[in-house]
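So the numbering used here is basically just the index in the sequence shown, starting at one, shifted up by 10. Data block below; observations after.
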Amino acid sequence: MKKRESWGTHVGFILAAAGSAIGLGNIWKFPYIAGENGGAAFVFVYLICIALIGLPVLMAEILMGRETQRNPVGAFRALNNSKFWIAVGGMGVVAGFLILSYYNVVAGWALGYIVEAIKGSFFDYTTPAMAGEHFNQLVQTPVWILGYHLLFAGLTMFVVYAGVKKGIELGSKIMMPLLFVIIVILVIRGITLPGSGKGMAFLWVADWSKINGNSVLVALGHAFFTLSLGMGAMMTYGSYMSREDDIPSSALQIVILDTLIALLAGIAIFTAVFSAGLNPAVGPGLIFQTLPVVFAKMPGGYLFSILFFILLVLAALSSAISLLEVIVAYFVDEKGWDRHRAVLVMGTIVFLIGVPSSLSYNLMADVKVFGLNFFDLVDYLAANILLPLGGFLIAVFVAWIWGSDRALRAIKSGAATWFRQRHEVSAGWLSVLKYFAPVMIFVVFLYSIGIIRF
Ligand code: PHE
Numbered sequence: 011m012k013k014r015e016s017w018g019t020h021v022g023f024i025l026a027a028a029g030s031a032i033g034l035g036n037i038w039k040f041p042y043i044a045g046e047n048g049g050a051a052f053v054f055v056y057l058i059c060i061a062l063i064g065l066p067v068l069m070a071e072i073l074m075g076r077e078t079q080r081n082p083v084g085a086f087r088a089l090n091n092s093k094f095w096i097a098v099g100g101m102g103v104v105a106g107f108l109i110l111s112y113y114n115v116v117a118g119w120a121l122g123y124i125v126e127a128i129k130g131s132f133f134d135y136t137t138p139a140m141a142g143e144h145f146n147q148l149v150q151t152p153v154w155i156l157g158y159h160l161l162f163a164g165l166t167m168f169v170v171y172a173g174v175k176k177g178i179e180l181g182s183k184i185m186m187p188l189l190f191v192i193i194v195i196l197v198i199r200g201i202t203l204p205g206s207g208k209g210m211a212f213l214w215v216a217d218w219s220k221i222n223g224n225s226v227l228v229a230l231g232h233a234f235f236t237l238s239l240g241m242g243a244m245m246t247y248g249s250y251m252s253r254e255d256d257i258p259s260s261a262l263q264i265v266i267l268d269t270l271i272a273l274l275a276g277i278a279i280f281t282a283v284f285s286a287g288l289n290p291a292v293g294p295g296l297i298f299q300t301l302p303v304v305f306a307k308m309p310g311g312y313l314f315s316i317l318f319f320i321l322l323v324l325a326a327l328s329s330a331i332s333l334l335e336v337i338v339a340y341f342v343d344e345k346g347w348d349r350h351r352a353v354l355v356m357g358t359i360v361f362l363i364g365v366p367s368s369l370s371y372n373l374m375a376d377v378k379v380f381g382l383n384f385f386d387l388v389d390y391l392a393a394n395i396l397l398p399l400g401g402f403l404i405a406v407f408v409a410w411i412w413g414s415d416r417a418l419r420a421i422k423s424g425a426a427t428w429f430r431q432r433h434e435v436s437a438g439w440l441s442v443l444k445y446f447a448p449v450m451i452f453v454v455f456l457y458s459i460g461i462i463r464f
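Okay, here's the thing in structure tokens:
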């Protein structure tokens, strides 16, 4: 039997996992939901959710992967061979298909926008409405939308095809530093614009009146999405770690990097948006409709617009490969497929599942299920239902089913002294998984599917 693949270096794992976490969630979604939910006060709540729930669940996921050296289905099977828990792993693989299918579409838009930026298209706009019109025209052109969708799906397949070390790890080692450099350049541009202080104030001075039940729940839901939790992506990446690796410190580093990039993206975007005198609370169109106008007004905007959309594609690609890897690892571990076949067959299937999402803005705009178009339906199902449910079940599984003693012993192995030798820290981790995280996630879950409202 062939030896299972693994990471070449510890830093390779950290960059790949941070690459999974840092994605469209950080650069596209975080700024607009912060914008819609009142800025600083929301950011504060989000940070609490990340620290108190995101970090402990992230540790649990990586742990399950590292202990079993398996994909999500194999991991549950190895720890508890019951149909129910194996199905929970299977749900993660299904979520991988669904999330990647529409993630490819949005990332395709970003890819297309690099070309628009290079063409200088943004300089024709003076208002977000005009930029929005242009966006609508593009997404209503099937060739444009399917072409970039296919191109992005192909890029993702290319990286995963090359394997864990030579594809994902190498790719992350190139993409992540580049991403970091670009975001720092954009932050410097943002804070040196006239009137940027208003954007900073928006992010850092809390308006507590804007915080309500809804914003708390949006913050918790986003904490899951942004850390790639609830569907086994981090479990799969953890499965390529060695048993001696330090999970608590690694998880902490991943969380810090992810949060840092989200905050830097917020600074870069809000300083620029406020400096151009535009509205920060416009929702999902912030990046594709407001920012192009901001770039048109900004000194050096041509160059910065190209950099920005490259940043978006790099972030999206390093996340998309982790989604595809969950699916590929499943077929390699469980079905005995070879990696190349799994990537080609499954990558193509994911692309095909994404086609109706791509067409949701043109040919299939009128096809609605529960009042949602296909794109929104898949997004809703995956991000609002499958991820929180998966996160809930993973926390319950590790703390209650696999069991406290085994989980504690396992997580301490390889852990740095700050975790291993402080009983309150390791016991705290376990209590969060046992009580706090499941209860909080359960509340969010009921809220997000509309069973409770407050
Ligand atoms: N974390 C990614 C982002 O922020 C999205 C993602 C979710 C990736 C789940 C993998 C698994 O964009």
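For each residue, glycine too, the CB sits at the ideal point set by N, CA and C. Being a predicted model, the structure only gives us computed values, none of them experimental.
Does the ligand PHE have even one heavy atom less than 6 Å from the beta-carbon of residue i?
i: T166; result: no
i: T236; result: yes
i: S328; result: no
i: G102; result: no
i: G35; result: yes
i: S30; result: yes
i: S367; result: no
i: L396; result: no
i: S182; result: no
i: L6; result: The chain is shown from 11 up to 464; residue 6 falls before or after that span and cannot be answered.
i: S332; result: yes
i: A417; result: no
i: A243; result: yes
Given that a residue counts as buried once 16 or more other Cβ atoms are within 10 Å of its Cβ, and exposed if not, what is residue i?
i: K39; result: buried
i: D343; result: buried
i: P309; result: exposed
i: E143; result: exposed
i: E77; result: buried
i: S92; result: exposed
i: Q299; result: buried
i: N36; result: buried
i: P294; result: exposed
i: E434; result: exposed
i: Y112; result: buried
i: Y457; result: buried
i: T358; result: exposed
i: R80; result: buried
i: R253; result: exposed
State the beta-bridge partners of residue i as determined by DSSP.
i: V379; result: L382
Which whole-angstrom value is the C-beta distance of residue i and residue j, which I expect to be below 8 Å?
i: M245; j: G106; result: Not quite, the Cβ-Cβ distance comes to about 11 Å (not below 8 Å), so this is no contact.
i: P366; j: F132; result: About 29 Å separates the two Cβ atoms, so there is no contact after all.
i: M450; j: I63; result: 6 Å
i: E71; j: G248; result: 7 Å
i: A405; j: V67; result: 6 Å
Start-end ranges of the alpha helix (DSSP H) lying completely within the segment 341 to 379, minimum 4 residues
DSSP runs (the alpha helix (DSSP H)) wholly in the segment 341 to 379: 349 to 368.
Quick one: which unbroken alpha helix (DSSP H) runs of 4-plus residues sit fully inside the segment 271 to 321? Chain order, please.
Within the segment 271 to 321, the complete alpha helix (DSSP H) runs of at least 4 residues are 301 to 307.
Counting only runs of 4+ residues fully inside the segment 70 to 133, write out the alpha helix (DSSP H) ranges in chain order.
Listed in chain order, the complete alpha helix (DSSP H) runs (minimum 4 residues) inside the segment 70 to 133 are 82 to 89, 93 to 129.
Suppose only complete runs of 4+ residues qualify. What are the alpha helix (DSSP H) ranges in the segment 16 to 57, listed by chain order?
The segment 16 to 57 contains these whole alpha helix (DSSP H) runs: 20 to 31, 40 to 46.
Mind pulling the alpha helix (DSSP H) runs of 4 or more residues that sit fully within the segment 141 to 220?
Within the segment 141 to 220, the runs of alpha helix (DSSP H) that reach at least 4 residues and sit entirely inside it are, in chain order, 152 to 171, 180 to 201, 206 to 214.
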